[in-house]
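S.K.: Pasting a structure here, questions to come.
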Amino acid sequence: MTAANGKPRHKGENAPRLTRTQAWLLRTVPAAHREHLVGDLLEEYQRRGFASRNARTKRRWFRREIVRAIVANLTTRARHRLTRPRRRRKLPSTSNGRGNLMESTIQDLRLALRAFVRNPGVAAVIVVTLALGIGANTAIFSVLNTVLLKPLPFPELDRLVTVWTPQQGYTRNPLCDADWIDLRDGSKSFEYWGPYLPESFNLSGDEVPERVRGVSVTPGVLRALGTVPSQGHLFTQSDMQDPSRGTVLVSERLWKTRYASDPDFVGRVIRIDGAGRTVIGILPEDFRFPGRQSLREPEVLLPLYLDETDLERGSYFLSVLGRLREDVPIEAARIELGTIAARLEEAYPETNRDRIVEVFRLKDEVLGDSESRVWTLLGITGIVLLIACTNVASVLLARNAARGAEMAVRVSMGAGRGRLVRQLLTESLVFSVVGGTAGLLLAWWGIGLLRGTTAANLPRIAEVQIDMAVVLFTYGVALLTGVLFGILPALTTSRTNLTVGLGRQSRTVASTRSQSRFLGMLIVGQFALTFVLANAAGLLVRSLWNVTDSRELHQPGKALLAGYLTPREESDEILTPDPFLDRLLERLKDMPGVVSTGATSRLPLLGGWTAGVLSDCQEYDSNADRGYVNVICATPGYIDAIGMTILQGRDLANQDLDAGNPGVLVNRSLASSLWSGENPIGRRIRANSPSPWFEASVVGVVDDVKQEGLERPVNASMIIPFFPPFQADRWVVLRTEGDPKTLVAGLREQLALLDPHLPLTRVLTGTELYDLLAEDRRFTTRVIGLFALVALCLVTAGTYGVMAFLVRRRTHELGIRAALGAGQTAVMGMVITKSLYLAGAGILIGLLGAFLTSSVLGNLLFGVSPLDPMFLSGATMFMLVLATGAAAIPAIRAVRIDPVEVMRAD
Amino acid sequence: MTKRDYLGEFEQLVLLAVMRLGPESYGVTIREEIEVRSGRDVSLGAIYPTLDRLEQKGYVKSFTGEPTGERGGRSKRHFVLQPPGEEALRRSWEMLTSLWDGYEPEPQRGTK
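So the protein lines, in turn, are chains B and D.
The working numbering puts the first sequence at residues 22 to 927.
The working numbering puts the second sequence at residues 3 to 114.
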């Protein structure tokens, strides 16, 4: 071979060049003729009558030929390999498998591959089934791997804790500043700790204003988290003491994107909420801030300024996290803070009655219930995999039953049973590895979808990926399933009866009674598992329907909701109007297409602040437990714009803004709890406090609308026409004639005319608000529904396969029956009854499974019981219909058996 | 079980093409010959492994030719029929003719 050297440079001007992929793919062609093959193709390319045609046709021809050559080469060589001359191969059954394990394993593998190629239909069914089962598990495991197994990015996580004061069913209730100072001064458990406040800020200046997420923190918080800035330094005590010294820490991402990685960024002044702040440092790229069931990626950190000369007991807003000292266990910290809380309760009974302080592990805070949710999902995919396994096992059993003759020949040539089991197991392992690889691809695709969704509500969901652990898991699962679905078929098949195997019956099917019993058991198992899944999926769909159906707002699709934040002002005055908002609404009112306008501090479903109130017939009593109501700030017109209904009285009006005698709205729940059965209009309502911060008259009653979320009950609420300074959120609501989204540009324009530095935080329609809140549930429902669907497909295919097998096995018997005069209905009935009998047994076990899993499932449901008889009976009916359907074709085939042919075959 | 090896159908086609082409036989011409004579559009990817196999059996021999510009500077691989190859072809022919003996293949419908 002298070709390689002294190649003349190729001169053809328009000769195609091999692309990288082509060159790479051509590596499958043996080096000995790769060169010649490509040369031939190039020559033909030059020669063929292409000269007149355009270059694209030519190139397409060339591309196609390359692919064809690669494929033909692979298939031809594969065929040659399989039909290699006999003398080079020993019959696998002759080796005893002891001395030459390696050789016999290679033999097994070759046989397995040949079985694979020879029966591509069955092989495809098995691989697809396994891919679905394994792929689902891989996808969910990769979530588990990232969300639960990868350590959170904080050193010595075990020592990190959060501190809350549980109240009224909310375990994670923030602290008030006065209590925090007392706790801080009294506790010795913490190495570092401090309060923080997750917020968002308006970033303006050089570019378009932007709304960024941030956290106001004290230095203790960052020290506790172990944060090391990549540039500059962290906050110091002096940043905390003087609010006029505005400083800020900026995320790496923000520095790179908005400030183009300015090398002199530290020391620069940027505008946040309208005020200049000096950048003192840049946070590292992997900096995350713990959030509830999430890891936040704040763009800016600001110093949290607490004025220790003006502390207040009773206003709860501070979150606290800290790092315990090395020698202090969490229980000791609990006891210590509990003692301080008890002392505070004694000292300030007015505000601190029953106010306890609780310490939680930060890890539990960040993971929340994701742990149980991910495990539930993995459990469900586990069920799908089990179904897949039983399915494949039954396919293999049915197929192996037809191989009685082959096994008998092997045994007669001296193969031991162990040798046969090993060969059959190798076959199933080959299937499982191929299926696992396909599953990995499927999971890779599925993870792409998972990452794209924000609905999963799992921390770090965006970081989910396929890494080494996931790959190992997949192949581990694949091998395990290979053994699981392979061992029983292998054991039963290898128990070959020589006379039966080699005798006459080998022409048809050799199977034993135990085999068909075992197949039946597998089908029963599949029905049981599928029943549990189908029931769960049905209940989840019903729950989703329950959650999303009750739209209390009138035509939410016609409402445009746009949020922004007002700059915070330090003021204790609560009954303050918002003149900026009034000016904005005045402008928006006249936009074409707008029917009505209004604004609020908190949209329905998004929560809000709470306060205690008293009616005119209640007296203040520090010992009475009066409960809290939602307080919603709104402008006149809001009720109409958002689509709420006034039941009694009138909407808020400008005259209600008189701080001396304000007017408020109450919802139906509040009206009935304060003045049950009486007319609430004109009644007085005031704050539940010895010196009430407000006292107002009720001017109207609105219908109940959920305020705390789609899946929480309606709260008593009160709507006031004022916007206290601590309520920075504003939502402008426009009710429109046509598509609300067409008004977004106009809205932005009007806002920019009033304040060019004010960004909109979010714009959405009323319908989108509902969708957004149901997203999480919809996601879970879809995932579980999808798995249930896969299970249904598998169980149908499995039942069909087994029934078809049983009919084939009983051809003889059925033929004789037909000859003896059995009617068509009788024969069909026999087959279908058998299938229904299996399904029925499966359903009974499935019912038991439904009872056992009801507590887990109950957590995921809304407004429906996990053991709802309607759904249980529905799933039962469904399974029975499915069993009948799957048996229909085999039954028809059974009817068509010709007795004459059966007799002749004997 | 070392019985006489019979040529597969495709092997026969390739071997016949090599025989007919004589010294001019290499990838492009072999493929052309098969296409022109049998009307089958075969891929080079299938031809090369088959020739490899025939070479292993000693039916053909190959040598590398000169590289040309037309071929992007890549060389040709020429194939030459060997006596065992001729023998195998003859055996195939004999087997077929003896099996056809006494029968006339029906003329293909629709040909001229």
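Backbone N, C-alpha and C fix where the C-beta goes; we use that ideal spot for every residue, glycine too.
Among all the DSSP beta bridges, which residues are the ones paired with Arg292 (chain B)?
M.R.: Its beta-bridge partners are B:Ser225 and B:Gly297.
S.K.: Does any residue of chain D have a CB that is nearer than 9 Å to the CB of Lys111 (chain B)?
M.R.: For Lys111 (chain B), the pLDDT reaches just 44, beneath the cut-off of 50, and the residue's location in the model is therefore unreliable, leaving the point undetermined.
S.K.: Of all the CB atoms in chain D, is at least one closer than 9 Å to the CB of Val852 (chain B)?
M.R.: So, not an interface residue.
S.K.: When we look at the beta-carbon of Arg119 (chain B) and count the other beta-carbons within 10 Å, is it buried (16 or more) or exposed?
M.R.: Note on Arg119 (chain B): pLDDT 48, under 50, position unreliable in the model; the coordinate value appears next. By the neighbour-count rule (16 or more Cβ atoms within 10 Å), Arg119 (chain B) is not buried but exposed.
S.K.: Give the C-beta separation of Arg374 (chain B) and Glu366 (chain B) to the nearest angstrom, bearing in mind that I take them to be a contact with Cβ-Cβ under 8 Å.
M.R.: At roughly 6 Å, the Cβ-Cβ gap stays under 8 Å, so Arg374 (chain B) and Glu366 (chain B) are in contact.
S.K.: Please decide whether Gly29 (chain D) counts as near chain B, where near means a Cβ-Cβ distance under 9 Å.
M.R.: Gly29 (chain D) counts as touching chain B.
S.K.: Could you give the C-beta distance for Leu673 (chain B) and Val723 (chain B), rounded to a whole number, given that I count them as a contact under 8 Å?
M.R.: Not quite, the Cβ-Cβ distance comes to about 10 Å (not below 8 Å), so this is no contact.
S.K.: Does any residue of chain D bring its CB to less than 9 Å from the CB of Gly507 (chain B)?
M.R.: No, Gly507 (chain B) lies away from the interface with chain D (no Cβ there is under 9 Å from its Cβ).
S.K.: Does the count of Cβ pairs from the stretch 764-772 of chain B and the stretch 656-664 of chain B closer than 8 Å reach three?
M.R.: With a cut-off of 8 Å, the stretch 656-664 of chain B and the stretch 764-772 of chain B do not count as touching, because too few Cβ pairs lie within range.
S.K.: What residues of chain B sit near Thr52 (chain D), judged by a beta carbon separation below 9 Å?
M.R.: Simply Thr97 and His101.
S.K.: State yes or no: is the beta carbon of Arg22 (chain D) nearer than 9 Å to at least one beta carbon in chain B?
M.R.: It does not: the Cβ of Arg22 (chain D) has no partner Cβ on chain B nearer than 9 Å.
S.K.: Going by CA-CA distance only, name the one from B:Pro311, B:Arg289 and B:Arg266 that's closest to Leu181 (chain B).
M.R.: Leu181 (chain B) has its Cα closest to that of B:Pro311, out of B:Pro311, B:Arg289 and B:Arg266.
S.K.: Use the C-beta contact count for Arg135 (chain B): other C-beta atoms within 10 angstroms, 16 or more gives buried, fewer gives exposed.
M.R.: By the neighbour-count rule (16 or more Cβ atoms within 10 Å), Arg135 (chain B) is not buried but exposed.
S.K.: Run through DSSP, which three-state label would Trp396 (chain B) get?
M.R.: The answer is helix: DSSP assigns Trp396 (chain B) an H, G or I state.
S.K.: Flag this pair as yes or no: are the beta carbons of Val885 (chain B) and Met739 (chain B) separated by less than 9 Å?
M.R.: It is not a contact, given that the beta carbons lie outside the stated cut-off.
S.K.: State the Cα-Cα distance for the pair Gly29 (chain D) and Leu550 (chain B), rounded to the nearest angstrom.
M.R.: Distance between the alpha carbons of Gly29 (chain D) and Leu550 (chain B) is about 59 Å.
S.K.: Could you check what DSSP says for Val20 (chain D) in three-state terms: helix, strand or coil?
M.R.: DSSP places Val20 (chain D) in helix when its eight states are reduced to three.
S.K.: The beta strand (DSSP E) spanning Glu688 (chain B) covers which residue range?
M.R.: Before going further, note that residue 688 (chain B) is Asn rather than Glu in the sequence given. Looking at the DSSP string, the run of the beta strand (DSSP E) that includes Asn688 (chain B) is Gly684 to Asn688.
S.K.: Against Glu56 (chain B), what residues of chain D qualify as contacts under a CB-to-CB distance less than 7 Å, listed in chain order?
M.R.: Near Glu56 (chain B) (Cβ distances below 7 Å), the residues of chain D are Arg76 and Ser77.
S.K.: Under 9 Å between C-beta atoms, does Gln845 (chain B) make it to chain D?
M.R.: Chain D, which has no Cβ nearer than 9 Å to the Cβ of Gln845 (chain B), makes this no.
S.K.: On a Cα-Cα basis, can you pick out the residue from B:Gly507, B:Glu448, B:Gly389 and B:Leu345 that is closest to Ser415 (chain B)?
M.R.: Among B:Gly507, B:Glu448, B:Gly389 and B:Leu345, the Cα nearest to that of Ser415 (chain B) belongs to B:Gly507.
S.K.: Are the beta-carbon atoms of Pro711 (chain B) and Gln669 (chain B) separated by less than 9 Å?
M.R.: Not in contact: Pro711 (chain B) and Gln669 (chain B) (Cβ atoms no closer than 9 Å).
S.K.: Taking buried to mean at least 16 other C-beta atoms within 10 Å of its own C-beta, is Arg289 (chain B) buried or exposed?
M.R.: When all chains shown are included, Arg289 (chain B) counts as exposed.
S.K.: Would you list, in sequence order, the uninterrupted alpha helix (DSSP H) runs of no fewer than 4 residues that lie entirely inside the stretch 42-114 of chain D?
M.R.: Segments of the alpha helix (DSSP H) lying fully in the stretch 42-114 of chain D: 46-58 and 85-102.
S.K.: With distances taken Cα to Cα, identify the nearest neighbour of Ala645 (chain B) among B:Glu796, B:Thr268 and B:Asn709.
M.R.: For Ala645 (chain B), the nearest C-alpha among the options comes from B:Asn709.
S.K.: On the DSSP bridge assignment, give the partners of Gln547 (chain B) in chain order.
M.R.: DSSP output for Gln547 (chain B) lists no bridge partner at all.
S.K.: Given a threshold of 16 other Cβ atoms within 10 Å of its Cβ, counted over all protein chains shown, does Gln444 (chain B) qualify as buried or as exposed?
M.R.: Flag for Gln444 (chain B) reads buried.
S.K.: If you reduce the DSSP assignment to three classes, tell me which class Leu322 (chain B) lands in.
M.R.: Reduced to three states, the DSSP call for Leu322 (chain B) is strand.
S.K.: Answer with buried or exposed for Ser251 (chain B), where buried requires no fewer than 16 other C-beta atoms within 10 angstroms of its C-beta.
M.R.: Exposed: under 16 other Cβ atoms inside 10 Å.
S.K.: Closer than 7 Å by beta-carbon distance: list the chain B residues that pair up with Arg55 (chain D), in chain order.
M.R.: Result: His101.
S.K.: With distances taken from CA atoms, which of B:Trp752, B:Ser875 and B:Trp696 is nearest Pro780 (chain B)?
M.R.: It is B:Trp752 whose Cα lies nearest to the Cα of Pro780 (chain B).
S.K.: Determine contact between the stretch 52-71 of chain B and the stretch 84-95 of chain D, defined as no fewer than three beta-carbon pairs at a distance below 8 Å.
M.R.: They do not touch, by the three-pair rule.
S.K.: For the alpha helix (DSSP H) containing Trp185 (chain B), list its first residue and its last residue.
M.R.: No alpha helix (DSSP H) holds Trp185 (chain B); the beta strand (DSSP E) holding it covers Leu181 to Trp185.
S.K.: Given this structure, state the Cα-to-Cα distance separating Gly267 (chain B) from Asp260 (chain B), to the nearest angstrom.
M.R.: Cα to Cα, the separation comes out at about 8 Å.
S.K.: What residues from the stretch 70-99 of chain D come within 8 Å of chain C, judged by C-beta to C-beta, listed N to C?
M.R.: Going by chain labels, chain C is absent from the structure shown, which instead holds the protein chains B and D.
S.K.: Any heavy atom of the ligand NAD closer than 8 Å to the Cβ of Val149 (chain B)?
M.R.: Although the ligand NAD was asked about, the structure shown includes no ligands whatsoever.
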